[in-house]
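Inspection log for the structure reproduced underneath, given as structure tokens.
Number of protein chains: 4
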Amino acid sequence: MSLVLNKEDLAEYLAQVFPQIRDDFAIDALTEDTITMRLLTRERHLRPGGTVSGPSMFALADVSVYAMVLARIGRQALAVTTNCSLDFMRKPESGRDVIAHCRLLKLGRMLAVCDVLMASEGSDKPVARASLTYSIPPR
Amino acid sequence: MSLVLNKEDLAEYLAQVFPQIRDDFAIDALTEDTITMRLLTRERHLRPGGTVSGPSMFALADVSVYAMVLARIGRQALAVTTNCSLDFMRKPESGRDVIAHCRLLKLGRMLAVCDVLMASEGSDKPVARASLTYSIPPR
Amino acid sequence: MSLVLNKEDLAEYLAQVFPQIRDDFAIDALTEDTITMRLLTRERHLRPGGTVSGPSMFALADVSVYAMVLARIGRQALAVTTNCSLDFMRKPESGRDVIAHCRLLKLGRMLAVCDVLMASEGSDKPVARASLTYSIPPR
Amino acid sequence: MSLVLNKEDLAEYLAQVFPQIRDDFAIDALTEDTITMRLLTRERHLRPGGTVSGPSMFALADVSVYAMVLARIGRQALAVTTNCSLDFMRKPESGRDVIAHCRLLKLGRMLAVCDVLMASEGSDKPVARASLTYSIPPR
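First to last, the protein sequences are chains A, B, C and D. Final position of the first sequence in the numbering used here is 360; the numbers increase by one with none missing. Final position of the second sequence in the numbering used here is 360; the numbers increase by one with none missing. Final position of the third sequence in the numbering used here is 360; the numbers increase by one with none missing. Final position of the fourth sequence in the numbering used here is 360; the numbers increase by one with none missing.
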């Protein structure tokens, strides 16, 4: 029921297994069953008009859940997404980071389930929500 | 941003448009953007083994969102579900009511989005989560 | 890659483990990776206005996938739904059975995934689609 | 019930409104209610180990549906994704394009729904499935 990796170890491990993630995401906070992850919004995440793209929002939700699960099960790079549902509700504000609030709802032997609420920094109106299932490799 | 129907008016309207719902569900609490709904678990909601059936859990999530939306837009029986995603995470405890905690995440002109966390009464371990989109009839 | 239960054995096993299902559903056809299941629409499946209820549509999708999975893995009553996503697209026609066309997309060691397209009998316009994941008990 | 844009006009319009898409995707085929779209798999779409990344699969599903909808409603760049559900079922094969087979299930006045089956080129085993809802701007 406790964290296997703290925030610093988790960030270091993510940077090691997904080098391309380092420039895009940062961990703001980590508890036993929540993680707050930030999309460092850059030009390449935008759609014409300045809004954050769908794939960037998906990536933010996905990496949040991956990080939450690894924080609890340790360095198991092979955890994989099996299911994701997403609702896009508002346009993210242009030029702002997107903040994902992720909750661990279930950590089973084989499957983990989280939900994620995403909002532009400084706003409390959710731009999107997601729920994801990860399959955990046998230990 | 405020409720159009209070808890009593909402319960009365639901009983009127969906008479079959009256025996199955009760509203525990209602705020501007949350509703707590209870499945009055009975024999007909159970699967062999005593667990609450999937369709009963779906019905609980669906009626929670319907009630939340009507509480905000008023007596619009024709609001309809367009999308639902559900994760079943644990077995509901046999012989207990299931409590749904529903949050309104978006109430737009055409679409409303809610998420729902469900747990057996007296437990804080979620048995299921759901997110639903309702289409709102033009006013 | 082949069926473990044929249509008759499957129907008999379903009736045995879920007696309440017998009056509601019938198997129209079964192949190695598809099943066609019918909701025998009755009064209790209807909403005011004559349309088939959401929980009845969910139940039809769910039982189709359950039956498809059992047809391949045999009498394993304990297979359980872990995830479901549903899109409701049109009103089912009143007084008609609803026909579900279910495809097995993946049958893994631990998880099975199917999608389901549902239409009122005699129509080719889908009223709903669903995709479900089942967790398969260790053998 | 017929196409408003043919394959060439659609490709040209997509390249114009989403210039960054041009290098990543190609339309293989288009009918009144189906589109076949190809992810031109490159280094930047891969995860360590050579598998195609989740965000790239999401992007492929999303652009397939966007293109299918525009082919039917014309140059309406402002159609937006409101919901997506995804099941990841197998590892895409490294070094292969991913082919998306997208079906239009509903084209309403306000909402369009499609499903998408994705497989590595040359394989008939689906690597992922998706269903998406698009909101269509008032005309």
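Just so it is clear, CB atoms sit at the ideal spot from N, CA and C, and this is done for glycine as well.
Any chain A beta carbon closer than 9 Å to residue i
i	result
C:M331	yes
D:A321	no
Partner residues on chain A for residue i, Cβ-Cβ distance less than 8 Å
i	result
D:D283	G275 and P276
is_contact[residue i, chain B] using C-beta, thresh 9 Å
i	result
A:M289	no
Length of the line joining the Cα atoms of residue i and residue j
i	j	result
A:P313	D:L332	21 Å
D:Q297	A:T303	33 Å
B:A340	B:T354	21 Å
C:F309	B:A247	25 Å
D:Q241	B:G270	54 Å
C:P358	D:R330	44 Å
A:A280	B:R324	24 Å
C:D336	D:L326	13 Å
D:R350	D:D244	23 Å
D:S274	D:G295	31 Å
B:L226	C:L307	29 Å
D:Y234	B:L224	44 Å
D:P206	A:L328	Absent from the model: residue 206 of chain D. The displayed extent of chain D is 222 to 360, so no value can be given.
A:I256	A:D249	8 Å
C:T272	C:S315	5 Å
A:T262	B:R268	48 Å
A:K346	A:R259	16 Å
D:A232	C:V334	33 Å
A:V284	D:D283	19 Å
A:H322	C:E264	44 Å
C:M305	B:M278	It is Cys, not Met, that sits at residue 305 of chain C in the sequence shown. In a straight line, the C-alpha of C:C305 is about 12 Å away from that of B:M278.
D:R311	D:S344	12 Å
B:A237	D:I320	In the sequence under discussion, the amino acid at residue 237 of chain B is Gln, which differs from the Ala named in the question. Taking the straight line joining both Cα atoms gives about 50 Å.
D:D230	D:A288	11 Å
B:K228	A:L338	27 Å
C:R317	B:F239	21 Å
A:A292	C:E342	50 Å
B:S352	D:A300	22 Å
C:E253	C:S356	19 Å
C:V348	A:V290	37 Å
Any C-beta of chain D under 9 Å from that of residue i
i	result
A:M339	no
A:F246	no
B:N227	no
Within chain B, the residues that residue i reaches when beta carbons sit closer than 8 Å
i	result
A:L326	D308, M310, L338, P347 and R350
Partner residues on chain D for residue i, Cβ-Cβ distance less than 9 Å
i	result
A:A280	S274, G275, P276 and F279
Residues that residue i contacts on chain C, provided the C-beta gap is smaller than 7 Å
i	result
D:T354	D308
D:V334	D308 and M310
Under 7 Å by beta carbon: chain D residues contacting residue i
i	result
B:T252	Correct list: empty, because the minimum Cβ distance to chain D is about 25 Å.
Cross-chain neighbours of residue i in chain A, by beta carbon under 9 Å
i	result
D:T303	D308, F309 and M310
D:P358	Ordered by position in chain A, no residue passes the 9 Å Cβ test against D:P358, which lies about 13 Å from the chain.
Interface residues of chain D facing residue i [CB-CB closer than 8 Å]
i	result
A:V286	Correct list: empty, because the minimum Cβ distance to chain D is about 11 Å.
Beta carbon proximity, residue i to chain C, threshold 9 Å
i	result
B:A298	yes
B:T269	Reading the sequence as shown, one finds Pro at residue 269 of chain B and not Thr. For B:P269, the answer is yes, since a Cβ of chain C falls inside 9 Å of its Cβ.
Taking the runs of the alpha helix (DSSP H) that are 4 residues or longer, which of them lie wholly in the segment 260-343 of chain A?
Uninterrupted alpha helix (DSSP H) stretches at least 4 residues long and entirely within the segment 260-343 of chain A occur at 275-294, given in chain order.
Taking only runs of the alpha helix (DSSP H) that begin and end inside the segment 227-256 of chain B, which ones reach a length of at least 4 residues, in chain order?
228-238
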